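Structure first, then comments.
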Amino acid sequence: MRIHLCGVRGSTPAPGREFLRYGGHTSCVALAPDGAAGPALILDAGTGLRGVTPLLGGQAFTGTILLTHLHWDHVQGLPFFRAGDRDGARVTLLLPGQGDGRAAAEVLARGMSPPHFPIAPSGLRGKWSFCTIEPGPFKASGFTVEAREVPHKGGRTFGYRVSDGRCVVTYIPDHCPTVAGPGPEGWGEYHPAALDLAAGADLLIHDSFLLAHEVAAEAALGHAAAEYAAGLGRRAGARRVMLAHHKPDRTDDELDALAARLAGGTPAVTVAAEGGILDL
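Here the numbering used here is used: the sequence shown runs in plain steps of one and ends on residue 545.
See the structure below:
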């Protein structure tokens with residue numbers, strides 16, 4: 266599979282010259298099956314979703330958008346996805362069930378409809394289907410996906426394990442492991458859901474909003490430390506860990522320093538940069 270990193274920032278976009286190399290768009294990763302002309306499965310719909318349209322060579326999007334949760338930085342790109350908001354688009358959007366029986370389109374409309382936004386989800390052009398999902402396995406646009414609930418503040422949140430039958434990528438962009446306890450290092454517990462999702466993965470893309478020394482003061486906001494992400498990958502036997510969901514004010518130079526500090530171990534740890542392409 267080919268992996269396009271279209272948005273790797275967390276919480277809010279980060280424009281400005283200090284954020285050019287790693288990028289300022291919020292969460293969006295696009296997956297293309299081997300040999301496909303463009304992505305068919307999109308993980309999260311942050312402002313980075315705008316970057317998927319050029320990958321499709323002028324074609325309307327046909328595939329699935331899979332949301333981890335409904336915070337703004339994971340959905341704000343939806344009405345600006347030109348390849349999806351056009352005649353001929355065929356989009357299935359899946360999001361975690363909220364436990365109260367509300368339909369997916371109704372849940373999305375709480376943040377995307379007047380007076381907060383000019384149109385509701387029903388105003389998107391093309392053929393859109395909105396559905397809720399629960400933890401467990403399912404098929405999506407040629408991929409096999411395993412969904413598990415992970416702790417995060419302010420709404421039900423899923424992590425995903427995605428396979429094309431040969432390679433596995435695990436995507437956990439928002440994760441608050443301290444909810445389950447301090448864990449062995451004080452960065453949060455390595456709980457079963459996270460370990461199962463990451464077990465033996467070729468690539469683990471994980472929340473690294475915090476650094477270890479920031480956990481005590483800021484973990485209550487709902488995020489994990491970069492050191493935790495590396496530790497999770499090591500304990501789960503992942504082949505590679507990619508740090509993502511960068512804090513909005515974490516500059517390029519600071520992310521360079523983080524990459525240098527965590528490099529050289531097992532598994533390999535790298536820092537996600539917008540526009541990056543990986544072939545698994």
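Even for Gly, the Cβ is constructed at its ideal location relative to N, Cα and C.
Computed from a predicted model, the values in this text were never measured in an experiment.
Output the boundary residues of the beta strand (DSSP E) element that contains residue i.
i, result
"D544", "I542 to D544"
"P361", "R355 to P361"
"V433", "V433 to I437"
"A301", "Counting along the chain, A301 falls outside any beta strand (DSSP E), and DSSP gives it neither H nor E."
"P402", "G401 to A405"
"L331", "T327 to L331"
To the nearest whole angstrom, what separates the beta carbons of residue i and residue j, a pair I think is in contact under 8 Å?
i, j, result
"D467", "D299", "No, D467 and D299 are not in contact; Cβ-Cβ is about 13 Å, not under 8 Å."
"A477", "W452", "6 Å"
"R315", "F345", "5 Å"
"L360", "L335", "7 Å"
"G289", "P280", "5 Å"
Leaving out five residues on either side along the sequence, give the residues of the same chain with a beta carbon under 6 Å from the beta carbon of residue i.
i, result
"L469", "T435, A463, G498, A503 and V506"
"L308", "V294, L331 and Y436"
"G443", "Reading off the sequence, residue 443 comes out as Thr, not Gly. Closer than 6 Å at the Cβ level, and outside the excluded window around T443, lie G453 and A484."
"R267", "A297 and D544"
Determine which residues share a DSSP beta bridge with residue i and list them.
i, result
"M507", "I470 and T535"
"Y425", "A412 and Y436"
"F395", "L358"
"D293", "In the sequence under discussion, the amino acid at residue 293 is Cys, which differs from the Asp named in the question. Its beta-bridge partners are G272."
"I384", "In the DSSP output, where bridge partners are listed per residue, I384 has none listed."
"L321", "Its beta-bridge partners do not exist; DSSP assigns none."
"L475", "A490"
Which two residues bound the contiguous alpha helix (DSSP H) that contains residue i?
i, result
"G272", "Element bounds for G272: not the alpha helix (DSSP H) but the beta strand (DSSP E), R267 to G272."
"G498", "A491 to A501"
"D338", "Segment: none, D338 is in no alpha helix (DSSP H) and carries neither H nor E."
"D461", "P457 to A463"
"V480", "V480 to E483"
"A310", "Unbroken run through A310: none, as it is neither H nor E."
"E519", "D517 to L527"
"L373", "A369 to A374"
Among the options, whose alpha-carbon lies nearest the alpha-carbon of residue i?
i, options, result
"R286", "L543, V427, A528 and E519", "E519"
"H269", "K392, A279 and P319", "P319"
"A297", "T327, L335, P383 and H456", "T327"
"A538", "G388, D517 and R526", "D517"
"H488", "A445, I398, L306 and L321", "A445"
"A495", "E483, V317 and A533", "A533"
"G465", "R351, P449, G288 and V433", "V433"
"P402", "R282, S394, C396 and A412", "A412"
"Q363", "P304, G349, C396 and F382", "C396"
"G424", "S378, I398 and Q341", "I398"
"A501", "A458, L523 and D521", "A458"
Beta-carbon within less than 8 Å of residue i's beta-carbon, same chain only, minus the 5 sequence neighbours each way: which residues are those?
i, result
"H339", "T291, S292, D309, A310, G311, L332, T333, P438 and D439"
"T531", "R499"
"P447", "G453 and E454"
"D472", "G275, I437, P438, D439, H440, H488, A489, A494, A509 and H510"
"K512", "G275, S276, F474 and L475"
Within the same chain, show all residues whose beta-carbon is closer than 7 Å to that of residue i, passing over the 5 residues directly before and after it, in chain order.
i, result
"H417", "H334, D439, H440, C441 and G487"
"A374", "A385 and P386"
"A302", "G322"
"F284", "T516 and D517"
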